[in-house]
Structures are given as structure tokens and as C-alpha cells.
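Just so you know, we're using UniProt numbering here: the sequence shown kicks off at 1 and counts up by one. All residues carry an ideal CB built from backbone N, CA and C; glycine is no exception. Worksheet for the structure shown next.
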Amino acid sequence: MMKGLKKWRLFSILAALTVFLSACGKEQLSTLTPAGEVGKEQLDLMILSTGIMVLVIVVVIAIYAIAIVKFRRSKVGENHMPKQVEGSHTLEIIWTIIPIILLLILAVPTVVSTYNLADVKGMTAKDQEGNAKNLTVNVTAKLYWWEFEYPDLGVVTSQELVVPTGEKVYFNIKASDVKHSFWVPAIGGKLDANTDNLNTFYLTFDEKSEGLEDGVFYGKCAELCGPSHALMDFKVKSMDRDSFNTWVDSMKATGEETASAEGATASQGQELFEASCMSCHAVSGAGSGGGIAPNLTTFGDRNRVAGFLPHDEENIKAWINDPQYFKPGNKMPQPETINNGKKFTDEELSALAEYLLGLSVEK
């Protein structure tokens, strides 16, 4: 009976592990399916280090098993004393030299890779006309959202990083409030965003994101930064250079003006937005960063509300009506604060949602 129970326990554990591991390997968010040069190099280092660790474990287990089998009491008797090796210079040399060799095998490629990935000289490279040769993005992490500014292009956006494929993209990483960490698992990297210094590195995006399950790669904050840390996501859209240039032109075309709304309900939403939300949110992709709230120019092109909710009218309304319920600690005010002490009515929420869904540069 007990043997049967033990078998079922083992089966349950294996089943649970199968469910747990079923999420591994998704192209849009897994380090095990890298889609960029940096991610592939980091995966190679992970495989190397894992291989060394497995080798050490196998050797230790093998020695342990041999000792148990060879010197078991039933075989050698009660009074057998194995040969003592204390003070053996040969053994001491062996177990000193082997770890040194293993550490060198691991350390040399790791150090070389670290220095290569930290090479950001291309960030300041200029062509003959004085224009930047490579794309640079200023990333600012905030509670609990991300701002992406393209200083050489005069474009700024939030929550969705848009990049060209097949070239190095350089990043300046910083935080505006507390420490965060910028990470796109499928692309590589993971670099701290600090409030007191600027960190720089580069990534390459080898594949277009449009063929992925959600049409984007997923980015994360990898540093515990507050009660809504787990919900501090961003998305990455990678596209060919021509499509990226078109996107930049569309962002610039929004100018410094408020986006216009089509339809009576959307017009009502625009009026409410300008009265209650415009002091914090921008609806133009042209300009520079530094906003106190996410830029909403491309809100209609996103696939998530607040970074994690499904992108539909009901979730937009729920988010506006009570942002603290969904993301505790975020800096978006409750509706009473910006609407003369009152909650928005359902009609007003619907109008705001329709207006926001109409903010697009891709449709």
C-alpha cells in the first residue's frame, strides 16, 4: 500500500513540474529562445556554466557511489580500515588544479563577453553630416511604467519600445524615483536603472516581433521596486528599418498638438481628457521625455492596459475608475482627485475609453 502511495506522489510531483515548465520556451519572453546577439551569447554562457556544474556533480556522485559500494561493511568486514590518504601531495595538487582549470574555463569567456557587451563606443559615432550613425534610446523607469525617448529623432513614447531589426540599438538607462532594472528576456541584457548614475549598453533584435503570439517581445523590471513591481511590464515591437522609419515619421507628424477625436462619444472623451488628464499625460509623440505620466500617443496601438490588463474598453474603464486597486502604489490619481471630487460616470468612462482607443499612429 505504501509503495503505491509513493508512486502516486512521484507522479504528482512530475505532473506539477510539467505544468510549471510548460511556460518555458515562449519566444516572446524566454531566455531559452533568444532572438538577439546578446541573448544568444548569454545563453551560451549559461550552457557552459551549467555544463561545468553538472560535470562536477556527476564526478562527486560517482566517487561517493564507488566509496559506498566498494567499502560497504558486508564486503570488507567490521574491522577493515581503508588506506589513509591524509597529507597526500598528489591528491592535494589534483583537487587544487582541477577547480582552477574549471574556473578559468568559466571566467575567461565570461569576462571577454562582459567587456564586449559593455562596448558602447558606437553610441557617439557620427556620419559625415554629423548625424548619429546608430539608434540611441533613453530609457527612464518610473513607478510603475517605462518611458522611451529617441533623442536623435525627436520622438518619445511610453510602455512600448519600438526598434529596428538587424542593427545595434544603444540604451541609456536611468530611474526617476527608486531603483529598477531593465530586462527583455528573449533579447538579453538586464541592466540596473539607478537614480544617481546612467548605465549604458546595447542590444540587437534579430527577429521581427509581428510573428509572435502577441506581436511583441515582453520586457520586465527585474529589481524589486515596490508593491506593484510584478506588474511593471513593457512591450517591444521590432520591425525592419523601413517600417521603423515610417513609425518615426508618424510619431513626428503628431506634432505638439492634442490628438483630434472622431465621433460624438470620442469628442466628449477628448473634452474630459483635456480637462482632467492633459496636465499629466501627453498625446503627441514629438518632443522629449520627462513626463510625469505615460505618453499616450500610441495608446490605441498597444495590446495591454497599464502594462498587464487586456486592451479593451472594459479594462480601460476599470483602470481609470480605480488605478490603485490594480496597481497599488502607482502615481495615477483616483478619479475624485481630478474630477471635482466625483467619480466618473459610466457614460464618461465610455467616452474616455473610446477617445483613448482612437489614439494611434499605426492604424
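6 angstroms Cβ shell around residue i - same chain, five flanking residues per side excluded
i: Leu102; result: Ile52
i: Thr204; result: Gly36, Glu37, Lys168
i: Tyr218; result: Gln28, Leu29
i: Met332; result: Pro323
i: Met81; result: none
i: Glu354; result: Thr265, Ala266, Gly269
i: Lys317; result: Leu349, Ala353
i: Met239; result: Lys208
i: Ile338; result: Ser276
Identified DSSP bridge partners for residue i
i: Gly188; result: Val184
i: residue 369; result: Summary: the structure shown does not reach residue 369, with the chain confined to residues 1 through 363, and so no result is reported for it.
i: Asp233; result: Lys220
i: Lys142; result: Trp145
i: Leu104; result: BP columns for Leu104 are empty, so no partner.
i: Glu213; result: Answer by DSSP bridge pairing: none, since Glu213 is not bridged.
i: Leu161; result: Val236
i: Lys168; result: Thr204
i: Val156; result: Glu149
Coarse secondary structure for residue i, derived from DSSP in three states
i: Glu207; result: coil
i: Asn116; result: helix
i: Ser176; result: coil
i: Met81; result: coil
i: Asp240; result: coil
i: Glu37; result: helix
i: Ser12; result: helix
i: Ala62; result: helix
i: Ala125; result: coil
i: Thr195; result: coil
i: Phe49; result: In the sequence as presented, Phe is not what sits at residue 49; that position holds Ser. If DSSP states are grouped into helix, strand and coil, Ser49 belongs with the helices.
i: Thr136; result: strand
i: Thr110; result: helix
i: Lys26; result: coil
i: Thr96; result: helix
i: Lys363; result: coil
i: Leu32; result: coil
i: Arg72; result: coil
i: Thr254; result: coil
i: Asn131; result: coil
Spatially closest choice to residue i from the options, by CA coordinates
i: residue 365; options: Asp44, Ile98, Pro34, Lys70; result: Any property of residue 365 remains undetermined from this structure, which presents the chain solely from 1 to 363.
i: Asp249; options: Gly87, Gly77, Tyr150; result: Tyr150
i: Leu212; options: Glu347, Ala186, Ala282; result: Ala186
i: Ile47; options: His89, Leu224, Lys70, Pro109; result: Pro109
i: Val120; options: Phe201, Arg73, Asn339; result: Phe201
i: Leu198; options: His281, Lys174, Thr114, Gly188; result: Lys174
i: Ala286; options: Met278, Gln42, Asn245, Lys252; result: Lys252
i: residue 387; options: Ser113, Ser176, Lys70; result: Nothing can be reported for residue 387, as the shown portion of the chain is limited to 1 through 363.
i: Gly329; options: Glu92, Ser228, Phe273; result: Ser228
i: Gly255; options: Glu274, Val184, Thr297; result: Thr297
i: Leu32; options: Val184, His89, Lys75, Ala282; result: Val184
i: Lys190; options: Ala351, Val139, Tyr64; result: Val139
i: Lys142; options: Val112, Gly122, Ser176; result: Ser176
i: Val111; options: Gln42, Thr50, Glu362; result: Gln42
i: Thr165; options: Asp312, Leu135, His89; result: Leu135
i: His281; options: Thr246, Leu356, Trp95; result: Leu356
i: Leu117; options: Val361, Leu45, Arg241; result: Leu45
i: Asp346; options: Phe299, Ile63, Thr124, Glu313; result: Glu313
i: Ala351; options: Arg241, Gly263, His311; result: Gly263
Close-in-space but distant-in-sequence residues of the same chain around residue i (CB under 7 angstroms, 5 per side omitted)
i: Asn315; result: Val305, Leu309
i: Gly307; result: Trp145, Gln159, Leu231, Met232, Asp233, Phe234
i: Val216; result: Gln28, Ser209, Lys235, Val236, Lys237, Asn303
i: Glu129; result: none
i: Asp127; result: Lys133
i: Asp214; result: Gln28, Asn303
Neighbourhood of residue i by C-beta, 8 angstroms cutoff - its chain only, sequence neighbours within 5 removed
i: Val137; result: Phe148, Glu149, Tyr150, Leu161, Val163, Val169, Tyr170, Phe171, Asn172
i: Gly87; result: none
i: Ser288; result: Glu149, Pro151, Gly154, Val156
i: Lys179; result: Asp192, Ala193, Asn194, Thr195, Glu223, Cys225
i: residue 423; result: No answer is possible for residue 423: it lies beyond the span of the chain, which begins at 1 and ends at 363.
i: Met1; result: The pLDDT assigned to Met1 is 49, lower than 50, so where the model puts this residue is not dependable; a value taken from the coordinates is nonetheless given after this. The answer is none, since no qualifying residue turns up.
i: Val58; result: none
Any non-hydrogen atom of the ligand MN within 6 angstroms of residue i CB
i: Phe171; result: As far as ligands go, the structure on display features none, and thus does not contain the ligand MN.
Residue i at chain C interface by Cβ criterion, 7 angstroms
i: Asn172; result: Although the question refers to chain C, the structure presented lacks it and comprises just one protein chain.
Runs of alpha helix (DSSP H) lying entirely within the UniProt domain "Cytochrome c" (264-360), each at least 4 residues, in chain order: Complete alpha helix (DSSP H) runs here, min 4: 264-276, 313-321, 323-326, 335-338, 346-357.
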